[in-house]
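One structure is given below, encoded as structure tokens.
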Amino acid sequence: KSGNVWTVGKPVAQIGTGDGAQTFTTLAEAIAAVPTNGTETTITMIGDEVIQGNAGVTVTAGQNIVLDLNGHSVSNNATEAKSSATITNKGTLKIVDNTDAGMDGEDCGYLTNEASEDNTGDWWSTPRKNWATNTITNYGTLTLESGSIRNTSTGISYCVDNSSNGVKATFNMTGGKLEDNGCAMRLFCNSAQHENIVNISGGTIESKNSVAFWVQLPGSSGQAKKCSLTISEDAVIKGAVVKFDQTVVIVD
74 KSGNVWTVGK PVAQIGTGDG AQTFTTLAEA IAAVPTNGTE TTITMIGDEV
124 IQGNAGVTVT AGQNIVLDLN GHSVSNNATE AKSSATITNK GTLKIVDNTD
174 AGMDGEDCGY LTNEASEDNT GDWWSTPRKN WATNTITNYG TLTLESGSIR
224 NTSTGISYCV DNSSNGVKAT FNMTGGKLED NGCAMRLFCN SAQHENIVNI
274 SGGTIESKNS VAFWVQLPGS SGQAKKCSLT ISEDAVIKGA VVKFDQTVVI
324 VD
């Protein structure tokens, strides 16, 4: 509000349909309206959104969200030299797009993280804007059914970073597409107690300049880390699979 003039943003997200529909000017506002008791709630994008900064949006524990991209884009513009994610999922999140007729991630809505190229300093001693710029960082249960998850950053970046750092993390992909300039997906298997589970039963994963998957097993404790990656014959993988000393199951 400025003086007696109210400034109202254009709605970009909606919960519900018809006369009872709620509209929101940001995806963050729509997510905040979702209960934390596990009730499945569909958020439908009705406009494009560019999220400025590194924070992105967060799905909290207990929330159960179906995000219908509905032919629209949600992107994050990382502006600080630190890690970022368009969406951080700590609950249950399913990505769909009702305009994706072939459920192949083509000609439809998408999520992305777009960090500008940053050549300042050394990768490890001086983080950059395009350092750890994830589209989705997953600490919960994430499903991609249709639509596209992209990452156009030129640095260390992933469409999906599945992290079992202190929690069980599960990613199920039945359709849609992951498309990355670098590594499309990382399995950050940082636990001997909590499972890192990835099941790819459909869709396409494309890495243009690197590998499709990085199974990272950090730490030097000598403990075996809990990790599994299963890929079915119905999935299309464009890029090699990198693995270290844990179980990676490839189904031909």
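Each position in the sequence shown, counted from 1, maps to that position plus 73 in this note's numbering. Every residue, glycine too, gets a C-beta built ideally from N, C-alpha and C.
- Taking 8 Å as the cut-off, the beta carbon of L302 is found no closer than this to the beta carbon of L251.
- A Cβ-Cβ contact shorter than 8 Å links C300 with C262.
- In this structure, the straight-line span from the alpha carbon of T117 to that of Y212 is close to 23 Å.
- Ranked by how close their Cα comes to the Cα of V107, the residues N238, N272, Q136 and S146 have Q136 in first place.
- With contacts defined by Cβ atoms closer than 8 Å, T243 and G275 do not form a contacting pair.
- Within its own chain, the residues whose Cβ lies closer than 6 Å to the Cβ of V240, once the five positions on either side in sequence are excluded, are Y212 and H267, listed in chain order.
- The three-state reading of DSSP puts E102 in helix, counting H, G and I together.
- Taking C-beta atoms under 8 Å as the contact rule, V139 and V169 qualify, at a distance of about 6 Å.
- The residue among N127, G220 and T159 with its C-alpha nearest the C-alpha of D234 is T159.
- Judged by DSSP secondary structure, L184 falls within the beta strand (DSSP E) whose first and last residues are Y183 to N186.
- Judged by DSSP secondary structure, L251 falls within the beta strand (DSSP E) whose first and last residues are K250 to D253.
- The C-beta of N143 has 16 or more other C-beta atoms within 10 Å across all chains shown, which makes the residue buried.
- Distance between T112 and E122, taken at the CA atoms: about 25 Å.
- For D234, the three-state secondary structure derived from DSSP is strand.
- Apart from sequence neighbours up to five positions away, the residues of its chain that approach K311 with a beta-carbon distance below 8 Å are T277, I278, E279, S280 and A285, ordered along the chain.
- DSSP places D173 in the coil class of the three-state scheme, outside both helix and strand.
- Listed in chain order, the non-local C-beta contacts of G120 below 7 Å within the same chain comprise K83, P84, V85 and H145, local neighbours out to five positions each way being set aside.
- Closest in C-alpha terms to T216, from the list D253, N272, T208 and L184, comes N272.
- Around the C-beta of A103, 16 or more other C-beta atoms lie within 10 Å, and the residue is accordingly described as buried.
- Under the three-state reduction of DSSP output, D307 falls in the coil class, being neither helix nor strand.
- Nearest neighbour of D180 by Cα position, chosen from T152, S264, A308 and G249, turns out to be G249.
- For S157 against T225, the beta-carbon gap comes to about 13 Å, at or over 8 Å, which does not count as contact.
- When secondary structure is reduced to three states using DSSP, D180 falls in the coil class, being assigned neither helix nor strand.
- Assigned with DSSP and collapsed to three states, D141 falls in strand.
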